[in-house]
């Protein structure tokens, strides 16, 4: 069933078209990703579909019974209620129904009413009908659903009576997402839902959305997340929309194939057109060939000319270089303690970083990742411990909050003032490489979007030519193309990296070592992100098995198993001993038989009938014994 259709949607801001003839169709249960550059119009389209923004042309077709749920980018939940009470508002109708059931139960327990069969039967029928509706709508599980979502979004450690007004901006955003998930609309519209989520919470959200019964329309710059969740991609580029089947990785492959095919078709047609035009030009003036030339001209006019396929839109282009290489020891941290309001964020933390390493710092929100980076860059003061930098180390720091990019300077002067010895042309070239061209360089820094500030911060970082880059969430606010360019630049970077990121795709490409902050300590995993996940799973399974071994049932099972194994080994030793005894006995019997048969060949013995009969009897007994022992030996061999 089609639950949403966008037919030729158009939208302009002033004279600048943002969306032109956009086509989008969503069917029940589909998972669709909207992708495209920052500023391509993805969030604009979501707002139009959600009814929060008008559009200039086209139609949005949606059945009346279809419910939409929309979460805008960085939407915080503003409420005077507690966490639990706010989540309960989603189920107000169920709670009212539950109260009605309790009222009916009280009425049915009234002895006077029970004496009136007609009235009692009527209430009983109403109760049964209401109870079925209550059950079908999830009345007996809504509290469990709330706890599940709050736990998944990392609120399990919070008191549920905590006032929402006391939470941070990121926590309010997570609660807004949780409240929307609990409403379970037919179409879930999510704009960057992965913002402010740590890796553990991201994994939970992936699993939740994969099992979600409704349809999902989502904008996200998390490639790993898109690969796990979506089954279709719609690209918004140059105001147009293009549909691709499969997840994000499949979209990249299909896009490359389509471009290659369209380019070949265009080049083939251009070659055909050139031949026809050449023939017409050479033969139109000749009387003998003019008719053929006119025929070719008509053929040219009938050709539906293809446009040259558009390649990728212009991407940022930059590299990170260094002035001077460091020694082998870049950073040594010993027994570091940092406190917030006298409460330790971490203590006795040790960390070593050597030249050429790319170290990712991971851990749940609140573990102290950003605090560690700010302490290393002297923005926070450690309570105790030592931080030692190696020789020739020059730090370049990227702040995820871009705290220093709030001035009213023009973009050009924000960079030029720090590198005043460079000519203006060079500064403009650098900014151009980060997609600031024309009048963009004259914009006030304070008016820039999050993505533009991120690119400007990277431009300043590139100009430093630092040999030790410390990066706090460098992929935040970057579109997918810019992330790929940043990854390529960091892979080729000749210096040393220490960074924090929740982007698992980025982590996997860049990290050579993962350091996890857990309960105030640093645990090293010598590999990429996939290796870290694999080892974490192994450690968790090892702990589970160890705990299982300590249960009374497991101890009893181990004791029983030990006794059984001991008995099996004892029986095996007995079997081997018996085989050895049989083989020794058979060997003696065979010798006795051979001696007896040799005696019977002696004429003197043969002539003495009594003596010969005695020897023959012993030979027969030995052979019978040997045959019996051989049968036992074969049986024991089979049991091995």
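In the UniProt record's numbering, the protein residues as written are 1 to 640.
Beta carbons: idealized from backbone N, C-alpha and C, even for Gly.
On a predicted model such as this, the values are computed, not experimentally measured, just so you know.
One question on the structure: do residue 461 and residue 419 come within less than 8 Å of each other, judged by their Cβ atoms?
no
If you draw a straight line from the C-alpha of residue 412 to the C-alpha of residue 317, how long is it?
About 18 Å.
Cβ atoms of residue 76 and residue 169: under 8 Å apart, would you say?
yes
Suppose contacts are defined by Cβ-Cβ distances below 8 Å. Is residue 6 in contact with residue 34 by that definition?
Note that the C-beta distance between residue 6 and residue 34 is not below 8 Å.
Where do the ends of the alpha helix (DSSP H) carrying residue 245 lie?
Element bounds for residue 245: not the alpha helix (DSSP H) but the beta strand (DSSP E), 240–245.
Taking buried to mean at least 16 other C-beta atoms within 10 Å of its own C-beta, is residue 253 buried or exposed?
exposed
For residue 346 and residue 360, the rounded distance between their alpha carbons
17 Å
Would you give the residue range spanned by the beta strand (DSSP E) that residue 234 belongs to?
232–237
If the criterion is Cβ atoms closer than 8 Å, does the pair residue 71 and residue 193 meet it?
Contact flag set, yes.
Would DSSP call residue 161 helix, strand or coil?
coil
Report all residues from its chain with a CB closer than 8 Å to the CB of residue 107; omit the five preceding and five following residues, and keep chain order.
Excluding positions up to five away in sequence, the list reads 113, 123.
Own chain partners of residue 626 with C-beta closer than 7 Å, once the 5 adjacent residues on each side are dropped
Here the set comprises 586, 589, 590.
Is the distance from the Cβ of residue 513 to the Cβ of residue 525 below 8 Å?
yes
Between which two residues does the alpha helix (DSSP H) harbouring residue 28 extend?
No alpha helix (DSSP H) holds residue 28; DSSP gives it neither H nor E.
My output table needs one value for residue 510: the three-state DSSP class, helix, strand or coil.
helix
Whole angstroms is fine: what's the gap from residue 717's alpha carbon to residue 348's?
This structure gives no information on residue 717, because the portion of the chain shown stretches from 1 to 640.
Count the CB pairs spanning the region 422–435 and the region 273–290 that are closer than 8 Å, and state whether there are at least three.
no
Tell me whether residue 474 is buried or exposed, calling it buried when 16 or more other Cβ atoms sit within 10 Å of its Cβ.
buried
Report yes or no: do the region 86–98 and the region 32–52 share at least 3 C-beta pairs separated by less than 8 Å?
With the cut-off at 8 Å, the region 86–98 and the region 32–52 do not touch.
Alpha carbon to alpha carbon, how far is residue 60 from residue 47? Give it in angstroms, no decimals.
12 Å
Three-state secondary structure assigned by DSSP to residue 10:
strand
With a Cβ-Cβ cutoff of 8 Å, do residue 384 and residue 335 count as a contact?
Closer than 8 Å, so yes.
Classification of residue 80 by the beta-carbon crowding that lies within 10 angstroms, buried from 16 upward
exposed
Among 160, 405, 89, nearest to residue 450 - alpha-carbon criterion
Of 160, 405, 89, the residue nearest in Cα terms is 405.
In this structure, how does DSSP classify residue 395 when only helix, strand and coil are distinguished?
strand
Locate the alpha helix (DSSP H) running through residue 617, then write down its first and last residues.
Boundaries of the alpha helix (DSSP H) harbouring residue 617: 609–638, taken from the DSSP string.
Once DSSP output is grouped into helix, strand and coil, what is the label at residue 349?
It is a strand residue.
Between the region 82–89 and the region 157–169, do at least 3 Cβ pairs fall closer than 8 Å?
yes
Cα-Cα, which of 28, 31, 55, 215 is closest to residue 10?
The option with the nearest alpha carbon to residue 10 is 55.
Can you tell me the Cβ-Cβ gap for residue 497 and residue 486, rounded? I've got them flagged as a contact below 8 Å.
With a Cβ gap of about 12 Å, residue 497 and residue 486 do not count as contacting.
For the alpha helix (DSSP H) containing residue 147, list its first residue and its last residue.
142–152
Going by Cα to Cα distance, which pick from 148, 202, 191 is closest to residue 182?
148
Bridge partners - residue 468, DSSP secondary structure assignment:
Listed as beta-bridge partners of residue 468 by DSSP are 395, 496.
In the DSSP assignment, the alpha helix (DSSP H) including residue 123 goes from what residue to what residue?
117–136
Does the Cβ of residue 268 have 16 or more other Cβ atoms within 10 Å, making it buried, or fewer, making it exposed?
Answer is exposed; the Cβ neighbour count stays below 16.
Report buried or exposed for residue 189, applying the criterion of at least 16 other Cβ atoms within 10 angstroms of its Cβ.
buried
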